[in-house]
Amino acid sequence: MSKLPHDYLERVYAGVLGKLIGVYVGRPFENWTHQRIVEELGHIRGYVHEKVGDPLVVTDDDVSGTFQFVRALEEHGCHPDISSEDIGKTWLNNVIENRTIFWWGGRGMSTEHTAFLNLKRGIPAPLSGAIRTNGRTVAEQIGAQIFIDGWALVAPGNPSLAAKFARAAGSVSHDGEAVYAAQLWAAMESEAFISQDINHLLDVGLSTIPEESLVARVIGNVRKWAAEDMDWIKTRQRIEESYGYDKFHGICHVIPNHAIMVMAVLYASNDFDEAMHIINTCGWDTDCNSGNVGCLVAIMLGLSAFQGGYDWRGPLADRALISSADGGYSINNAARIAYDITNIGRRLAGEGNLEPPKRDAQFHFSLPGSVQGFQLSWPSGSGQGASAVLQQRVNGTHGPGLAIDVKNLGIEQGQIEVLTQTFTPKEVLDMETYELMASPLLYPGQELRANVYTGDEGVGQITVRLRLKVYGRNDELVVVDGGSTLLDPGEYYYLHWKIPDSMDSQPIEKVGLVFSAGSSSPYSGTVWLDSLSWEGVPDMVLRVPRQQPCEFWHRAWVNGADNFSKYSFLIAQGQGEGIIIYGTREWTNYSITVPNFTIKLGAPGGLAIRVQGINRYYAVTFTADKRINIVKAHDAHRSVLSSAAFPWELDCTYRVTLKADYHEISVEVGGIKLQATDIQYEGGGLGLIATDGCVSADCFVISSVFFNN
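With the sequence shown counted from 1, adding 322 to any position gets you my numbering.
Printed below as a string of structure tokens:
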């Protein structure tokens, strides 16, 4: 690896933002023609989601695949020679068939669906995506290109490595020209860390693919046309006439879209606003094309890319949704993603991870302009006569933080909320095409902490509380507050609160602070949120909520089974293994007790712990030959770590306790105790497993355990 740029983290953050902005700009009119866009929306200058009635931040394959698949370097070793086969295993661990990441358009129509079925049937990558396996039309659609930004971001200034990664990753599902396009764009993004010369970047990209490839010939023509036309509308028309959708088979071929991406950066590589205008007004696969272009231009220009005439970052507020089997990574933000990618890049370069900001706080606001999903709101009936503005700034004494500038907040003005999402928003009901699988980030029993302070210039007093918003009956959000603290100007405060297990097993949808007047005099001044964090594992009894009707408790489980009852913890799997998952990889040493576990049909069935996807976990399983096993799932393999005879029967209930305590995995069921040792999976949520049948559980008692030296 070459030496990392001195501003590596910030440039990665810019690239992540560029990808997110590009995708969310283009998503509402994906696959529209240029003519329809101009007629119905006009030239695209800024977000247009409200015009078509969509949320801004939605589940989308471009975001989910880009930031999930690069984590193969975490699952299979952070080294430059990762193989397509290993990346394919990451697909099988994180993709839930017909539910997460992809457009599930059918075998032979959706390239990713086709490749996934090949992997599932035992055809390893790169054969899973090869032309000889799937044919040229399927293999040369757009998908290899749209997922490669993460692979470039971990290889800054090393285009040959970025292209190598892109080839390995793209070949899981694609081949031929599609993989060449992915290699070229990844190399360009890698070189963008050290150069802002777009023609140089194109030359670097071209050096990684065959000269005789169609991608190379297309780029040559587009460069020639752009130099002659000096007008992107004319060049776009030439591209449509020579390389339009009517010239290629399939739903979404790579060549037409790659051509307009190259055109957009030739005309506007030094202007993020104009690049977004051109690539989105061009039409066709707008979210894919805009995401790739946005990432490239943002890497080139850094965070200054977003300082033009449009407010890209304000509405986005760093938010990202990543739908996969890793439910604790689904509700995400650009800063968290940037740190994760930067640390992978640093490990590839032989350097250690960055020091976690502010003692590993989940929300630390360390990156310029980063609000990490926090947004300001006034509860109903609040705010008249008062005002507030939220932004990330650097305080001269305490460093970076989230500043809330308040003016004239009196008793009659009510409250100001400053909250961020920790679980699936209700907007998911309005999201089309891509399902969101997610688990909450925050749970009862965990210790919630916040560091806040007020500026010396403040006038009056202000009261602050930690606030949760929790789903309830009819999926309405219910407020749950911690104790209040009165803030005086110029003081620093530490807030903490152990979240009570009093929320009827409902998921926590938001967390943050609520402010109100602290005296009869209105407050004006700046309140700073320095950091917000939590630690520990849950201490709770997880049941089906009593307050019915409601469905978001059910959405808190990542569903990797054929059927999961909406009224109980009952799952069924018609063939093979199915699993439902609850929790995050931050859960480390804990125990799960199910008082009444039942196998109704089939085997093996059981309870899993430290689950890191559908193919990585520890579990206790009840087997067909009347044994209980402690099992380690590692990709396609299921290794028995410990075993004992146990004459279990169908339809009988058993009390099962499964514990993970540092390197020890132990189980107790029916008076039998088993123990095993393994060190691979340090954390993860819990799971319920059924194979060729059906299992049920009445509830899950989750509690912390501590390693005994």
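Using N, Cα and C, we set each Cβ at its ideal position, and we do this for glycine too.
Quick caveat, the model's predicted, so the values are computed rather than measured.
*asked:* Considering Cα atoms alone, identify which of Thr459, Val460 and Asn420 is closest to Lys442.
replied: The option with the nearest alpha carbon to Lys442 is Asn420.
*Cα-Cα, which of Glu779, Phe874, Lys680 and Ser450 is closest to Asp727?*
It is Glu779.
_Am I right that Arg938 and His956 are in contact with their C-beta atoms under 8 Å? What's the rounded C-beta distance?_
That belief holds up - the Cβ atoms of Arg938 and His956 are roughly 6 Å apart, short of 8 Å.
*Got a sec, what are the start and stop residues for the beta strand (DSSP E) Ser276 sits in?*
Because the chain spans 323 through 1031 in this model, residue 276 falls outside it and cannot be assessed.
*Would you list the one or two residues that DSSP bridges to Lys791?*
Bridge pairing for Lys791: Val801 and Lys832 [DSSP].
*Gly705 and Gly782: beta carbons closer than 8 Å?*
Not in contact: Gly705 and Gly782 (Cβ atoms no closer than 8 Å).
*Hey, Pro762 and Ile659 are a contact pair by Cβ (cut 8 Å); roughly how many whole angstroms apart?*
In this structure Pro762 does not touch Ile659 by the C-beta definition: roughly 19 Å separates them, more than the 8 Å allowed.
*By DSSP, does Phe351 sit in helix, in strand, or in coil?*
Phe351: helix per DSSP, three-state reduction.
*According to the neighbour-count rule (16 or more other Cβ atoms, all chains shown, within 10 Å of its Cβ), is Leu483 buried or exposed?*
Classification for Leu483: buried.
*Compare the Cα-Cα distances from Gly472 to each of Gln735, Ala336 and Thr979 and report the closest residue.*
It is Ala336.
*Ile453 - DSSP class collapsed to helix/strand/coil*: Here Ile453 sits in helix by DSSP.
*What are the start and end residues of each continuous beta strand (DSSP E) run of 3 or more residues lying completely inside the stretch 836 to 892, in chain order?*
As far as the stretch 836 to 892 is concerned, its whole beta strand (DSSP E) runs of at least 3 residues are 845 to 857, 862 to 864 and 880 to 882.
*From the DSSP output, in three-state form, read off Gly344 for me.*
Reduced to three states, the DSSP call for Gly344 is helix.
*Excluding the five sequence neighbours on either side, which residues of its own chain have a C-beta within less than 6 Å of the C-beta of Asp1014, listed in chain order?*
Sequence-distant Cβ neighbours of Asp1014 in its own chain, meaning closer than 6 Å and more than five residues away, are Gly924.
*How would you label Val338, buried or exposed, when you count the other beta carbons within 10 angstroms and need 16 or more for buried?*
Classification of Val338: buried, given that the 10 Å Cβ count is 16 or more.
_Exposure of Met598, with buried meaning 16 or more beta-carbon neighbours within 10 Å_ = Counting Cβ neighbours within 10 Å, Met598 comes out buried, since at least 16 surround it.
*Quickly, what does DSSP pair Ile936 with across the bridge? List them, please.*
In the DSSP output, where bridge partners are listed per residue, Ile936 has none listed.
*Ala514: first and last residue of the uninterrupted alpha helix (DSSP H) it sits in*: Under the DSSP assignment, Ala514 falls outside any alpha helix (DSSP H); it carries neither an H nor an E label.
_Thr557 versus Gly605 - alpha carbon distance_ = In this structure, the straight-line span from the alpha carbon of Thr557 to that of Gly605 is close to 14 Å.
*Backbone CA spacing between Thr412 and Phe424 [nearest angstrom]*: Going from the Cα of Thr412 to the Cα of Phe424 covers about 14 Å.
*asked:* Helix, strand or coil for Cys617? Go by DSSP, reduced to three states.
replied: DSSP places Cys617 in helix when its eight states are reduced to three.
*Buried or exposed: which applies to Asn1031, given that a residue is buried once 16 or more other Cβ atoms fall within 10 Å of its Cβ?*
Residue placement at Asn1031 is poorly supported in this model, since its pLDDT is 34, which falls under 50; the coordinates still yield a value, given next. Answer is exposed; the Cβ neighbour count stays below 16.
_Burial state of His575, where buried means 16 or more other Cβ atoms lie within 10 Å_ = In the assembly as shown, His575 is a buried residue. Its beta-carbon has 16 or more other beta-carbons within 10 Å.
*With which residues is Glu739 paired in a DSSP beta bridge?*
Note: Glu739 sits in a beta bridge opposite Ser699 and Val836.
*Span separating the alpha-carbon of Glu550 from that of Tyr589*: So the two alpha carbons sit approximately 12 Å from each other.
*asked:* For Gly492, which residues in the same chain have their Cβ closer than 6 Å to its Cβ, ignoring the five residues on either side in sequence?
replied: Within the same chain, Gly492 has close Cβ partners Ala466, Val501 and Ala504.
*Under the three-state reduction of DSSP, which class applies to His398: helix, strand or coil?*
In the structure shown, His398 sits in coil (DSSP, three-state: anything other than H, G, I, E or B).
*Does the beta-carbon distance from Thr635 to Gly691 come in below 8 Å?*
Contrary to the premise, residue 635 reads as Arg rather than Thr in this sequence. Yes.
*asked:* I need the straight-line Cα distance from Val978 to Tyr940, nearest angstrom please.
replied: Each residue's alpha carbon lies about 14 Å from the other.
_Separation of Leu625 from Gln559, as counted between CA atoms_ = The alpha-carbon separation between Gln559 and Leu625 amounts to approximately 32 Å.
*At a cut of 8 Å, does the stretch 991 to 1002 reach the stretch 868 to 876 through at least three beta carbon pairs?*
Not touching, per the Cβ criterion.
_Suppose you measure from the CA of Met622 to the CA of Gly340; what does that come to, to the nearest Å?_
Going by the C-alpha atoms only, they are around 11 Å apart.
*Take Asp797 as the anchor and find which of Glu813, Thr785 and Ser827 has the nearest alpha-carbon.*
Shortest Cα-Cα distance from Asp797 to any of Glu813, Thr785 and Ser827 involves Ser827.
*Give the DSSP bridge partners of Gln714, in chain order.*
Its beta-bridge partners are Leu724.
_Contact under 8 Å by Cβ, Gly650 with Glu1004_ = Not closer than 8 Å, so no.
*asked:* For the stretch 346 to 365 against the stretch 733 to 748, do three or more pairs of beta-carbon atoms, one drawn from each stretch, fall closer than 8 Å, so that the two count as touching?
replied: No, the stretch 346 to 365 does not touch the stretch 733 to 748.
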